[in-house]
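Here the structure is laid out as structure tokens; the discussion comes afterwards.
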Amino acid sequence: MTKRPHHLLTIADLSPESIANILETAKSFITPEGKIQKTTDLAGKTVANVFFEPSTRTRTTFEIAAKKLSADILNFNAQVSSTSKGESLLDTICNLQAMYCDMFIIRHNDSGAAHFVAQHLPPQTPIINAGDGRHAHPTQALLDMFTIQKCKGAFTDLRVAIVGDILHSRVARSQIYALHALGVPEIRVVAPKTLLPTEISEMGVHIYYDLLQGIRDVDVIMLLRLQRERMQHALLPSENEYFQQYGLTTERLQIAKTDAIVMHPGPINRGVEISSSVADGPQSVILQQVSNGIAVRMAVLKLAMAGEL
Amino acid sequence: MKVSIINGLLINPSEHTPRKETLYIADKKIIDANTNTFTADLTIDAQGAWVCPGLIELAAHLGEPGFEYKTTIAQETTAAIKRGITTLCYPPNTSPVIDKAEIAESIHRRALKNRQARVVTLGALTKDLAGTQLSAMAALKQAGCAGVSNAKQPITDTQVLYNALAYAATFNLKVFLFANDAYLTQGRCVHDGSISTRLGLAGIPSCAETIAVARALALQKATGVALHLCRLSCADSVELIKMAQQQGQNVTADVAIHQLYLTELDVEEFNTAYHVQPPLRTLADQQALIAGVQSGVITAICADHEPHESAAKLQPFPSSTPGISGLDTLLALTIGLQNKLTLSPNQLISLVTSKPASILGLPQGTLDIGAPADICIVNPETRWMLSKENMFSAGKNSPFFCWPLQGQVQTTIVDGEVKFSGDD
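If you want it as structure tokens, here you go:
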């Protein structure tokens with residue numbers, strides 16, 4: 002665990018105390034009526050959203066979070082930028098820094114991209130990993146933990162199942178670290194063998210190939226999105242077979258605890274990993290995750306700038 | 083020029099133990115003489131030093147033609163000499179590829195002009211290393227290539243590989259094959275295991291190598307070609323080759339020296355210095371590779387020298403270029419293997435001298451009477467550390483900075499002529 006008080010690169014870097022502090026700080030931004038306060042914590046600061054992968058939801062919530070903290074936000078969309086002209090990641094970042102950006106939120110399709118940027122900028126420049134390849138998506142995991150805490154209270158009695166394409170998922174990896182740090186005693190991964198990373202059990206999870214066994218009596222089901230490319234790369238035969246074997250329907254949901262919550266980082270594929278009735282049903286907290294994401298990201302930005310992560 | 087090297091400990095790979103003895107050189111060769119009748123033009127005092135054959139590197143990329151922005155033949159052959167390496171074997175993945183006689187000849191000429199380390203080339207097994215058509219192997223042999231190779235480009239078409247091996251065998255050309263399954267390797271950058279899982283990096287499973295090794299061994303059996311398997315990385319490959327050798331198949335193998343020191347655990351924090359092909363694997367694989375060197379299943383060791391410009395490594399891990407600049411550390415790391423292997427100094431030094439020489443069919447690599455006078459005089463106890471400033475290769479992509487290294491070159495001789503003296 003490396004001490005990087007200005008950076009959020011991976012959940013693995015955070016102590017349980019740091020995570021608890023982030024969740025507490027997030028809570029402090031929510032009014033009793035359930036609204037998000039506006040503060041001046043980042044007034045005068047320029048935050049750069051540097052996204053090399055397409056994203057609407059994550060980028061928008063970071064933008065809203067930064068604005069709620071009174072920061073100025075700069076959106077750098079690499080698809081239409083000099084990257085397509087062949088500029089290296091390092092040159093892009095150094096150029097942005099030369100333009101007096103105070104903080105970088107980075108999403109890139111290479112695992113380790115955020116670490117790479119952190120190696121080449123001064124340690125006091127806050128860097129927030131908004132998703133690097135398959136490696137990590139720490140703010141997603143944090144808002145997931147915030148959501149679980151709000152719905153379930155304590156972590157120490159929970160059974161949690163993560164269902165879907167674990168192999169390609171930065172969300173799953175970060176969630177596993179976060180759940181461990183918060184003391185969740187049983188973490189399960191549910192997927193066909195082609196979508197499970199090698200030796201995943203060494204991350205401290207129980208492996209299930211069967212959905213019904215995997216979600217039996219669990220308190221939390223975290224679903225992952227299935228990407229269409231997985232069929233093209235001979236990892237799965239069809240979306241239909243995936244839904245038949247791993248799709249969460251109302252009927253299957255009954256195998257879990259009666260008050261189990263259903264989560265998904267979004268965007269959801271109705272009829273693939275989740276049925277509409279579950280997505281729109283009473284046990285789904287998917288939209289709450291989105292709202293919670295604002296407060297959690299505000300907390301991360303505030304603490305990163307202050308060097309208190 | 084007549085040279086005598088006195089007071090040194092002779093490490094002759096064809097002998098069992100070191101011995102204190104004067105080495106005599108005349109007319110570019112090691113000769114039999116005695117102190118009374120020999121009048122040296124130059125006497126070198128090798129007190130406290132090992133007198134070894136000059137090292138022979140099985141795989142060194144020298145930048146030309148096509149990659150001059152990384153380095154040049156002049157730069158790397160000079161760097162080699164300063165680190166006791168007197169012969170470099172250049173794989174064919176230049177641009178254009180060494181698939182025509184004139185490209186091989188131009189490289190040989192350039193190296194000769196520089197008069198530093200010798201350079202032998204490997205011709206391409208297929209045209210442009212594309213794996214679809216045979217290259218003009220007979221012409222390449224006539225141009226002086228020591229063998230043919232696929233560099234690190236997988237050949238997917240089994241029929242083409244079969245024919246390429248058979249054709250090479252026709253002309254008694256040894257095939258230097260880097261065995262890797264294309265489909266299980268492409269787009270991936272580390273060993274497929276717990277580290278790749280944790281870091282979310284696409285992993286290359288061990289079977290990517292063993293599948294290709296098994297296929298190569300079967301084709302060797304069918305064609306009778308002299309086969310050398312390059313850069314082993316996993317335990318199962320060693321097992322397969324051991325069985326093949328026991329059954330009398332004509333197959334040798336090498337390992338890159340960094341595989342004997344590093345594992346997948348070193349990739350933590352996405353340090354691109356550890357991005358290599360084949361990838362660093364598990365501790366168990368490393369132990370099997372070391373055992374393979376100890377037993378002789380793995381015939382020789384090399385640096386697998388791939389010097390890069392700094393931008394190549396200044397990228398997120400998956401986008402960075404694999405490769406280690408290894409000439410500067412080959413000798414010191416070989417001497418350091420005394421901690422990992424139970425071998426005499428002679429056997430140890432043979433791994434980077436006589437064994438590569440026999441693989442390449444070269445007369446160097448020995449201190450026998452009549453051999454070419456390529457000599458490396460090294461102080462085996464001198465401790466030093468590698469830094470960007472004291473590195474001689476143009477490629478500074480090494481994972482061994484700040485490592486405690488042992489063994490520094492005092493003098494390097496090629497063809498009886500002193501090319502490097504530590505006093506410079």
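For the protein sequence lines, the chains are A and B, in the order given.
If you're matching positions, the first sequence starts at 2 in our numbering and goes up one per residue.
If you're matching positions, the second sequence starts at 83 in our numbering and goes up one per residue.
Built from N, CA and C at the ideal position, the CB exists for glycine as well.
In the structure shown, residue 472 of chain B adopts coil according to DSSP, grouped into three states. Cβ proximity to chain B below 7 Å picks out 89, 90 and 91 from the region 87 to 98 of chain A. By the beta-carbon neighbour count (other beta carbons within 10 angstroms, threshold 16), residue 121 of chain B is exposed. In its chain, beyond the 5 residues on either side, 196, 225 and 227 have a beta carbon closer than 6 Å to the beta carbon of residue 166 of chain A. Looking at the backbone, the Cα of residue 251 of chain B and that of residue 367 of chain B are separated by about 32 Å.
For residue 226 of chain A, no Cβ of chain B is located within less than 8 Å of the residue's own Cβ. Cβ proximity to chain A below 7 Å picks out nothing from the region 331 to 346 of chain B. Residue state for residue 214 of chain B is assigned as coil, using DSSP reduced to three classes. Residue 20 of chain A is not a Cβ neighbour of residue 173 of chain A, given a cutoff of 8 Å. The Cβ atoms of residue 498 of chain B and residue 87 of chain B do not sit closer than 8 Å to each other. Annotation: the continuous beta strand (DSSP E) that includes residue 169 of chain B extends over 167 to 172. In terms of Cβ geometry, residue 398 of chain B and residue 97 of chain A do not form a close pair [threshold 8 Å]. Chain A has no Cβ within less than 8 Å of the Cβ of residue 363 of chain B. Where residue 111 of chain B is concerned, there is no enclosing alpha helix (DSSP H), although the beta strand (DSSP E) around it starts and stops at 111 to 113. Spatial neighbours of residue 103 of chain A in its own chain (CB-CB distance under 6 Å, excluding positions within 5 residues in sequence) are listed in chain order as 46 and 47. Taking residue 179 of chain B as reference, the option from B/273, B/194, B/211 and B/155 with the minimal CA-CA separation is B/211.
With respect to the 8 Å criterion, residue 296 of chain B and residue 322 of chain B are classified as neighbours on the basis of their beta carbons. Residue 56 of chain A is outside the set of residues whose beta carbon lies under 8 Å from a beta carbon in chain B.
Beta-bridge partners assigned by DSSP to residue 109 of chain A: A/133. The C-beta of residue 113 of chain A comes closer than 8 Å to at least one C-beta of chain B.
Residue pairing of residue 452 of chain B in beta bridges, as defined by DSSP: absent, with no partner found. Pairwise C-beta distances place the region 308 to 315 of chain B in contact with the region 247 to 263 of chain B, as three or more of them are shorter than 8 Å. Closest in alpha carbon position to residue 125 of chain A, among A/255, A/267, A/4 and A/261, is A/4. From the listed residues A/54, A/235, A/264 and A/128, the smallest Cα separation to residue 289 of chain A is found for A/264.
Comparing alpha carbon positions, the residue from B/234, B/246 and B/239 closest to residue 220 of chain B is B/246.
Chain-ordered, the chain A residues with CB closer than 8 Å to the CB of residue 352 of chain B read 112, 113, 116 and 117.
Chain-ordered, the chain B residues with CB closer than 8 Å to the CB of residue 199 of chain A read 274, 275, 276, 278, 279, 285 and 287.
If you ignore the 5 residues before and after residue 79 of chain A, its C-beta comes within less than 6 Å of the C-beta of 53, all in its own chain and listed in chain order.
At a cut-off of 8 Å between beta carbons, residue 155 of chain A makes no contact with chain B. Residue 158 of chain B carries a helical assignment under DSSP once its states are collapsed to helix, strand and coil. For residue 427 of chain B, the CB contacts under 6 Å within the same chain, skipping 5 residues up- and downstream, are 93 and 100 in chain order.
Approximately 7 Å separates the beta-carbon atoms of residue 342 of chain B and residue 419 of chain B; this is inside 8 Å, confirming the contact. Between the alpha carbons of residue 469 of chain B and residue 483 of chain B lies a gap of roughly 5 Å. As computed with DSSP, residue 495 of chain B is found in a beta bridge with B/457 and B/500.
DSSP, read as helix, strand or coil, puts residue 275 of chain B in coil. Neighbours of residue 393 of chain B in chain A, taken as residues whose beta carbon is under 9 Å from its own, are 89 and 91 in chain order.
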